[in-house]
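*Asks:*
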Amino acid sequence: MGTEKFVEYERKRLNKIASLRLPNQFMIIGVMVVAISIITMMLRAFALEGDTQWLKLLLQKTLLVGLLLMSLSKDKIEDEMTIGLRSQSYAIAFIIGVIYALVMPYVEYGVSNVVHSGGESYKDLGDFQVLLFMLMIQLLFYHTLKRYR
Amino acid sequence: MQNTIKVERAILGITQDELAKKIGVSRQTINSIEANRYVPSTVLALKLSAIFNKPVNDFFRLTDQD
Chain D
1 MGTEKFVEYE
11 RKRLNKIASL
21 RLPNQFMIIG
31 VMVVAISIIT
41 MMLRAFALEG
51 DTQWLKLLLQ
61 KTLLVGLLLM
71 SLSKDKIEDE
81 MTIGLRSQSY
91 AIAFIIGVIY
101 ALVMPYVEYG
111 VSNVVHSGGE
121 SYKDLGDFQV
131 LLFMLMIQLL
141 FYHTLKRYR
Chain C
1 MQNTIKVERA
11 ILGITQDELA
21 KKIGVSRQTI
31 NSIEANRYVP
41 STVLALKLSA
51 IFNKPVNDFF
61 RLTDQD
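Taken in order, these protein sequences are the chains called D and C. Take the first sequence: its position 11, counted from the start at 1, is 11 in UniProt numbering, and no numbers get skipped. Take the second sequence: its position 38, counted from the start at 1, is 38 in UniProt numbering, and no numbers get skipped.
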């Protein structure tokens, strides 16, 4: 394979990855997965007894998968403007997510120590909390930008 | 960038929805273009040019800010 062909192949592959979108029906599937995950989380917290830590971890994953499906699914009419708005929302979610991950542990630590003297010790955010926040911000900004376009 | 797409659309006597369907975008996108909130790509501009049967320069104009 020549260099030019190889570069062209790589470019096409990168474009394909960058424009990865799921069909519109995945929005409904995503909403259902999110709803089932949240309902089951509530049941686990208030109704189930015993060691259900494994279920909590599983539901956190399914919640993230559901939100990801919602995030990746196309609109009914996907045009260049909605693609642009989607890109903007990902950029905003990334920036706000990084700021949240940097600032929030100090806020939690500060609040905890103000409320109870000698409160919680400093701890970083978990991956679930950061990813959930970023996906929620992305969806929120995308739909808000679309509404005000 | 300013445009006279609303005028061109009125000349053809078509609605935003009909124009949107002709060029494969949503009605809201046409609305945003007409309101100068969104500058379309070259591809979309050329599709509009084909619909209006006029060069792109006839209905898109650069402003002092551009």
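By construction, the Cβ of each residue, glycine as well, lies at the ideal position given by its N, Cα and C atoms. Computed from a predicted structure; not experimentally measured.
For residue 46 (chain D) and residue 119 (chain D), what's the separation of their Cα atoms in angstroms?
*Replies:* Counting from 1 along the first sequence, the entry for residue 46 (chain D) is found at position 46. Counting from 1 along the first sequence, the entry for residue 119 (chain D) is found at position 119. Each residue's Cα considered, the two are about 26 angstroms apart.
*Asks:* For residue 27 (chain C), which option in D:70, D:82, D:8, D:53 has the closest C-alpha, if you only look at C-alpha atoms?
*Replies:* Here the question's residue 27 (chain C) lines up with position 27 in the second sequence. Cα-wise, what sits closest to residue 27 (chain C) is D:82.
*Asks:* Is DSSP giving residue 85 (chain D) helix, strand or coil here?
*Replies:* As a position in the first sequence, residue 85 (chain D) is number 85, starting the count at 1. In this structure, residue 85 (chain D) counts as helix in the three-state DSSP scheme.
*Asks:* For residue 142 (chain D), does the count of other Cβ atoms within 10 angstroms reach 16, so buried, or fall short, so exposed?
*Replies:* Taking the first sequence and counting its residues from 1, the one referred to as residue 142 (chain D) is at position 142. Flag for residue 142 (chain D) reads buried.
*Asks:* Enumerate in chain order the residues of its own chain whose CB-to-CB distance from residue 128 (chain D) is below 6 angstroms, with the five nearest sequence positions on each side excluded.
*Replies:* For this step, residue 128 (chain D) is matched to residue 128 along the first sequence. So the qualifying residues of the chain are 60.
*Asks:* Please state the DSSP three-state secondary structure of residue 3 (chain C).
*Replies:* What you label residue 3 (chain C) is simply residue 3 of the second sequence in a count that begins at 1. If DSSP states are grouped into helix, strand and coil, residue 3 (chain C) belongs with the strands.
*Asks:* Starting from residue 145 (chain D) and walking both ways along the alpha helix (DSSP H), at which residues does that stretch end?
*Replies:* Residue mapping note: residue 145 (chain D) aligns to position 145 of the first sequence, counting from 1. Looking at the DSSP string, the run of the alpha helix (DSSP H) that includes residue 145 (chain D) is 127-147.
*Asks:* Would you kindly work out how many angstroms separate the C-alpha atoms of residue 62 (chain D) and residue 9 (chain C), rounded to a whole number?
*Replies:* As a working mapping, residue 62 (chain D) is identified with position 62 in the first sequence. As a working mapping, residue 9 (chain C) is identified with position 9 in the second sequence. Whole-angstrom Cα-Cα distance: 47 angstroms.
*Asks:* By Cβ distance, which residues of its chain are closer than 7 angstroms to residue 74 (chain D), with the 5 residues on each side in sequence left out?
*Replies:* What you label residue 74 (chain D) is simply residue 74 of the first sequence in a count that begins at 1. The residues are 21, 22, 23, 24.
*Asks:* Here's a check: name, in chain order, each residue in its chain whose Cβ is nearer than 6 angstroms to the Cβ of residue 23 (chain C), leaving out the five neighbours to either side.
*Replies:* Reading the second sequence from its first residue, position 23 is the one you call residue 23 (chain C). The answer, listed in chain order, is 47.
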